[in-house]
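Visitor: Residue numbers are given in UniProt numbering: position 283 of the sequence shown equals residue 283, and the series is strictly consecutive.
Positions of the beta carbon are idealized from the N, C-alpha and C atoms, including for glycine.
Below is a structure I'd like to ask you about.
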Amino acid sequence: MLDVINLSDQNITIHWHGVKMPRYPWSDGTDYVTQCPIQPGKNFTQRMILSDEDGTLWWHAHSGWSRNSVHGAIVILPPARETYPFPKPHALVPVIIGEWWNSKIETIYEKFLSSGIDPDPSNAFLINGQPGDLYPCSKQDTYKLRVEYGKKYLIKLVNTAMNNIMFFKIGNHNFTVVGTDGAYTKPIQTDYAAIAPGQTLDLLLEDNQPPGRYYMAARIYASGPTVFSVTIPATAIIEYVGNHAPPLLPSFPEVNDSAASIGFTDKLKSLVNNVDVPKRVDETFFYTLSVNLVPCTTCSNSTRFLSSVNNVTMLLPTTTDILEAYFRGINGVYTTDFPDLPPSSFNYAYGTPLQEESGSQLGTAVRVLEYNTTVEIVFQGTNLGGGEEHPMHLHGHSFYVVGSGLGNYDRIRDPPKYNLVDPPLMENIAVPKKGWTAIRFRANNPALSASSINGAALYILRAYLN
C-alpha cells in the first residue's frame, strides 16, 4: 500500500508498469481510464499487487509527459526458497535510460500540442540521471559502477525514454540477456541490446576483461531523420577496482540499423518450451497503427499529427474515469464499438494511402470481452505519416509475441510461421516500421485495460465481463 501525495501544480497518477494488479485495477494509474488523476495538493492510496512477475519492471507518472521526470525501477527478487535460473549475481544494478530537455517538460508538451507537429527532440539522453562524459554538462557526476574482476552483476535495464528505441552496449564486454518485462528468457549472449520505450531487460554481466575502465553507453535507434545532437551516446563508467585508466567507448550499430534493432528482439524466447500460449483463439483483431495528419484550426501549423488505431484516436473523458463509468453504468462516457478491423483495406506498408485513410476519428471506444477469452491481435504498421516504430504496451496483462515481419501481414502465409513453442512473454513490443507483430493472451484479469501507442493511451482495448 502506498500513499501518493501530489505536491506538484498539475494532475498526476502513478502507474506500475508491467504489474498486473489483479483485483485492484483502480490502482493501475491510467488517468481517466482506471482512475481520475490526483489533483494538486491531494493524495490517493494505491495498492501495488505483485502476482507472477519476475525480474524487473518500473513505475512512472502517467499524466501527459510527466513520466519524463517521475519514474523508477521495480526490482522483484526470487522467493526466499528459490533462486535465479542462471548463476547468482554478486549484485543487482538498476540502470535507467532517460531523456533531458533544456526546457521544462510541460513547456515541451504544451508546444507539441499547440503546434500540431512533432515535439522538439531531447537535448540529451541519460543513464541514471546523467548524460555522461560526452556531454559538456556533468562529467563530474557521471554514474560509475565499481566492479571486481571475475564477479557477475545483474543489470536491471529500464528504458524510460518517451518514444525512442535505444541501443545499449558496454565497452569490450559481452553480456547475457536473461529476462525482459518481468519474465525470464532463454539466455542470449550478445554484445548489444535494443530496448523499446517502456521495456525492461535483465542483463547478466561477467566482469572478465582486463581490469580497466569501460563505458556503459546508450544511443538512439531511429529509422528516420534525426537531429544530430541526440545521436551522442549517454555514458556511465564500469570501473574495475584499483584502475583509473581512460574509459573505452563501445562501437554501436548505425543509428538507422533496423536489422540490428529487429534482430535483437527476434532472438527473445521464453525460458521454457511449451509455454501456456493460446493455441486456439476466440477473438482475432487486426489493428492498423497510423500517424494521421488532420486539419487543426487552433494549431500554428494548421494541421495536427494524430496517432490512431484502426483510424480511431483516443479522446479521454474529463468528468469521470471509464472504469467507474463501467461499474456504475454511467452512460455517455464511452462507447462499446471499437472496430475489430480498419475501415478499409489498402497497401498498409508501402502503398499510397487514399484520402479516407489519412484522416482519424476522435472517440472513446472499448472492446468488451467475456472473461477467459483467448485473443490474438495483429498490429499492422502503416506508411501514414512516413511510418515509424510503434511501441505497444498492454495494461493488466503480459502477452506472447508469436510472430512479426516486414511489409503487410498475410493472414494465409504468416500464421503457420508463428512460434507457439517458446514465444517471449512481454508487456511492451515495438512494432517494426512498415511491418507487423502478432500477440496472443488470455483475458483472465477482470478489469478495464488500455493499450498504448508511442507512450500515450489512444484507445481502450477491452473491458471484461464477470
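Count the other CB atoms, across all protein chains shown, that sit within 10 Å of the CB of THR336; report buried if there are 16 or more and exposed otherwise.
Guide: Label assigned to THR336: exposed.
Visitor: Along the chain, where does the beta strand (DSSP E) containing PHE44 start, and where does it finish?
Guide: Looking at the DSSP string, the run of the beta strand (DSSP E) that includes PHE44 is 43-46.
Visitor: How do the region 75-85 and the region 27-36 stand: do at least 3 beta-carbon pairs fall below 8 Å, yes or no?
Guide: The region 75-85 vs the region 27-36: no contact.
Visitor: GLY64 to ILE170, Cα distance in whole Å?
Guide: Approximately 33 Å between the Cα atoms of the pair.
Visitor: Just curious, the alpha helix (DSSP H) that ALA260 is in, first and last residue?
Guide: Where ALA260 is concerned, the enclosing alpha helix (DSSP H) stretches over 258-267.
Visitor: Taking Cβ positions, are PRO121 and SER270 nearer each other than 8 Å?
Guide: It is not a contact, given that the beta carbons lie outside the stated cut-off.
Visitor: From the DSSP output, which residues share a beta bridge with GLU283?
Guide: Answer by DSSP bridge pairing, in chain order: VAL375.
Visitor: Less than 8 Å between the CB atoms is what I'm expecting for ILE127 and ALA234, so what's the real figure, rounded?
Guide: Contact flag correct, Cβ pair sits at about 5 Å.
Visitor: Unbroken alpha helix (DSSP H) runs of length 4 or more, entirely within the UniProt domain "Plastocyanin-like" (93-242): which are they?
Guide: Complete alpha helix (DSSP H) runs here, min 4: 105-115.
Visitor: So is HIS244 buried or exposed if we call it buried at 16+ other beta carbons inside 10 Å?
Guide: Label assigned to HIS244: exposed.
Visitor: Using C-beta distances below 6 Å, list every residue in its chain close to ILE439, excluding the 5 sequence neighbours before and after it, in chain order.
Guide: Closer than 6 Å at Cβ, skipping near neighbours: ILE377, PHE399, VAL401.
Visitor: Measure the alpha-carbon distance for PHE228 versus PRO317 and round it to whole angstroms.
Guide: Here PHE228 scores only 48 on pLDDT, less than 50, and its place in the model should not be relied on; the value that follows carries that caveat. Going by the C-alpha atoms only, they are around 38 Å apart.
Visitor: Which residue comes first and which comes last in the beta strand (DSSP E) that contains LEU394?
Guide: Counting along the chain, the beta strand (DSSP E) containing LEU394 begins and ends at 390-394.
Visitor: Out of curiosity, what's the CA-to-CA distance linking PRO253 and PHE167?
Guide: So the alpha carbons of these two residues sit roughly 8 Å apart.
Visitor: Which residues in the same chain as VAL421 place their Cβ atom closer than 7 Å to its Cβ, once the five residues preceding and following it in sequence are excluded?
Guide: Within the same chain, VAL421 has close Cβ partners ASN273, ASN274.
Visitor: Among all the DSSP beta bridges, which residues are the ones paired with THR382?
Guide: Looking at the DSSP assignment, THR382 forms no beta bridge with any residue, so it has no partner.
Visitor: Note down the Cα distance separating VAL294 from SER307, rounded to an integer number of angstroms.
Guide: Taking the straight line joining both Cα atoms gives about 10 Å.
Visitor: I think ALA193 touches LEU203, with their Cβ atoms under 8 Å apart; what is that distance to the nearest whole Å?
Guide: With a Cβ gap of about 7 Å, ALA193 and LEU203 count as contacting.
Visitor: What number of angstroms, rounded off, separates the C-alpha of ILE453 from the C-alpha of TYR371?
Guide: In this prediction, ILE453 scores a pLDDT of 43, lower than 50, which makes its location untrustworthy; the coordinate-derived value is nonetheless stated afterwards. The alpha-carbon atoms of ILE453 and TYR371 are separated by roughly 25 Å.
Visitor: Decide if MET1 is buried, meaning its Cβ has at least 16 other Cβ atoms within 10 Å, or exposed.
Guide: Looking at its Cβ environment, which holds fewer than 16 other Cβ atoms inside 10 Å, MET1 is exposed.
Visitor: Do ARG280 and THR160 come within 8 Å of each other at the CB atom, strictly closer than that value?
Guide: No, they are not a contact pair.
Visitor: Measure the beta-carbon distance from residue 491 to ALA91 and round it to whole angstroms, keeping in mind my assumption that it falls under 8 Å.
Guide: Nothing about residue 491 can be reported from this structure: the residues present for the chain run from 1 to 466 only.
Visitor: If you check the beta carbons only, do ASN445 and HIS397 fall under 8 Å apart?
Guide: In contact: ASN445 and HIS397 (Cβ atoms closer than 8 Å).
Visitor: Assuming ASP181 contacts GLY18 under a Cβ cut-off of 8 Å, what Cβ separation, rounded to an integer in Å, is found between them?
Guide: Right, their Cβ atoms sit about 6 Å apart.
Visitor: May I ask you to report which of helix, strand or coil DSSP gives PRO253?
Guide: Coil.
Visitor: What did DSSP end up calling GLY66 once you bin it into helix, strand or coil?
Guide: One detail in the question is off: residue 66 reads as Ser in this sequence, not Gly. Helix, per DSSP.
Visitor: Measure from the alpha carbon of LEU157 to the alpha carbon of each residue in PRO211, GLU206, ASN172, GLY98, then state which is nearest.
Guide: Of PRO211, GLU206, ASN172, GLY98, the residue nearest in Cα terms is GLY98.
Visitor: DSSP three-state call for SER308: helix, strand or coil?
Guide: SER308: strand per DSSP, three-state reduction.
Visitor: So, is GLY329 buried or exposed, given that buried needs 16 or more other C-beta atoms within 10 angstroms?
Guide: When all chains shown are included, GLY329 counts as exposed.
Visitor: Comparing alpha-carbon positions, which option in GLY405, PHE441, PRO25, TYR287 lies nearest residue 468?
Guide: Because the chain is modelled from 1 through 466, residue 468 falls outside the range shown and cannot be assessed.
Visitor: My understanding is that GLU389 touches ILE165, with C-beta atoms under 8 Å, so please give their C-beta distance in whole angstroms.
Guide: Yes, they are in contact, since the Cβ atoms of GLU389 and ILE165 sit about 6 Å apart, within 8 Å.
Visitor: Thinking GLY179 and PRO211 are a contact (beta carbons under 8 Å), I'd like their distance in whole angstroms, please.
Guide: So it is not a contact: roughly 28 Å between Cβ atoms.
Visitor: Identify which residue in LYS417, LEU425, GLN380, ASN419 has its Cα closest to the Cα of ASN408.
Guide: Measuring from the Cα of ASN408, the nearest candidate turns out to be GLN380.
Visitor: In the DSSP assignment, find the alpha helix (DSSP H) that holds ARG442 and state where it starts and stops.
Guide: Where ARG442 is concerned, there is no enclosing alpha helix (DSSP H), although the beta strand (DSSP E) it sits in stretches over 435-443.
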